[in-house]
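K.L.:
Please find one structure pasted underneath; my questions will follow.
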């Protein structure tokens, strides 16, 4: 449409520039070929008439030029507005494309975050199961050691009521009791540390779950 409008405008401008030259050329021919001294008055009258005609033609040409100029100006404004509209449409499409890319990135991040949370939960569950197994084994060992301690204490009481012959045996039993208590203390300490690890893992899981809900 822009090419068509530009071509029509050029054609109208050519016509406006060509018509005055044609009229002047015709007038000169008429003047030189029909000039006669005996017809001065007639020629003057003719010139007067031609002047009036030319004035009218010039006025009409000026009006036509103004109208043509106004049309060209409107067509130029229409063309400029179309260019602006096309530019805005391109900008809108570009912004829509950016928004689509951001939405895709957000969906990918959400999916990756969900997968990451699942992996963390799976790893924590495995670790928790392993720690629980260790705690169960340590608890079992603790019960056995407590039972052994009670047995040793019973033996100690029995030995204390016996003769001095059993002093050496008592001393030996006391050493065993001391060792058993040290082992029990170590097991208790390990149990406490494992319990702290379990508590920390549970806090991490809770934080991840809260974050995923947000």
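In the numbering used here, the protein residues as written are 1 to 214. The beta carbon of each residue, even a glycine, is placed where N, CA and C say it ideally should be.
Beta-carbon separation of residue 145 and residue 177 under 8 Å?
P.N.:
As a first step, residue 145 must be located in the chain shown, where it is residue number 145. As a first step, residue 177 must be located in the chain shown, where it is residue number 177. Not closer than 8 Å, so no.
K.L.:
If you reduce the DSSP assignment to three classes, tell me which class residue 107 lands in.
P.N.:
As a position in the chain shown, residue 107 is number 107, starting the count at 1. Three-state DSSP puts residue 107 in a helix.
K.L.:
Using 8 Å as the threshold, is the C-beta distance between residue 204 and residue 121 below it?
P.N.:
As a first step, residue 204 must be located in the chain shown, where it is residue number 204. As a first step, residue 121 must be located in the chain shown, where it is residue number 121. The Cβ atoms of residue 204 and residue 121 do not sit closer than 8 Å to each other.
K.L.:
Is the CB-CB distance between residue 140 and residue 180 below 8 Å?
P.N.:
Position 140 of the chain shown, counting from 1, holds the residue named residue 140. Position 180 of the chain shown, counting from 1, holds the residue named residue 180. Contact annotation: residue 140 and residue 180 have beta-carbon atoms that are not nearer than 8 Å.
K.L.:
Taking only three categories from DSSP, how would you classify residue 161?
P.N.:
Along the chain shown, read from residue 1 onward, the residue named residue 161 stands at position 161. It is coil, neither helix nor strand.
K.L.:
Looking only at its chain, what residues have a beta carbon closer than 7 Å to the beta carbon of residue 39, apart from the 5 residues adjacent to it on each side?
P.N.:
Looking up residue 39 in the chain shown gives position 39. Any answer about residue 39 is weak, because its pLDDT of 42 lies below 50 and its placement is not dependable; what the coordinates show is given next. No residues qualify anywhere along the chain.
K.L.:
To the nearest angstrom, how far is it from the Cα of residue 74 to the Cα of residue 114?
P.N.:
For this step, residue 74 is matched to residue 74 along the chain shown. For this step, residue 114 is matched to residue 114 along the chain shown. Computed Cα separation, rounded: 59 Å.
K.L.:
Excluding the 5 residues preceding and the 5 following residue 187 in the sequence, name in chain order all residues of the same chain whose CB lies nearer than 8 Å to its CB.
P.N.:
Within the chain shown, the letter at position 187 stands for residue 187. Within the same chain, residue 187 has close Cβ partners 138, 141, 142 and 145.
K.L.:
Can you name, in chain order, every residue of its own chain whose Cβ lies under 8 Å from the Cβ of residue 124, other than the five neighbours on each side?
P.N.:
Residue numbering aside, residue 124 sits at position 124 when the chain shown is read from its first letter. Taken in chain order, the residues that qualify are 201, 204 and 205.
K.L.:
Of the choices 196, 86 and 156, whose alpha-carbon is the least far from that of residue 172?
P.N.:
Walking along the chain shown from the start, residue 172 turns up at place 172. Comparing Cα-Cα distances from residue 172 to each of 196, 86 and 156, the minimum goes to 156.
K.L.:
Less than 8 Å between the beta carbons of residue 134 and residue 194, yes or no?
P.N.:
To locate residue 134, count along the chain shown from 1; it is residue 134. To locate residue 194, count along the chain shown from 1; it is residue 194. It is a contact, given that the beta carbons lie within the stated cut-off.
K.L.:
For residue 153, which residues from the same chain have a beta carbon less than 8 Å from its beta carbon, with the 5 sequence-adjacent residues on both sides left out?
P.N.:
Your numbering for residue 153 matches position 153 in the chain shown. Hits under 8 Å: 177.
K.L.:
I need the straight-line Cα distance from residue 108 to residue 101, nearest angstrom please.
P.N.:
The sequence position of residue 108 within the chain shown is 108, counting from 1. The sequence position of residue 101 within the chain shown is 101, counting from 1. Rounded to the nearest angstrom, the two C-alpha atoms are 10 Å apart.
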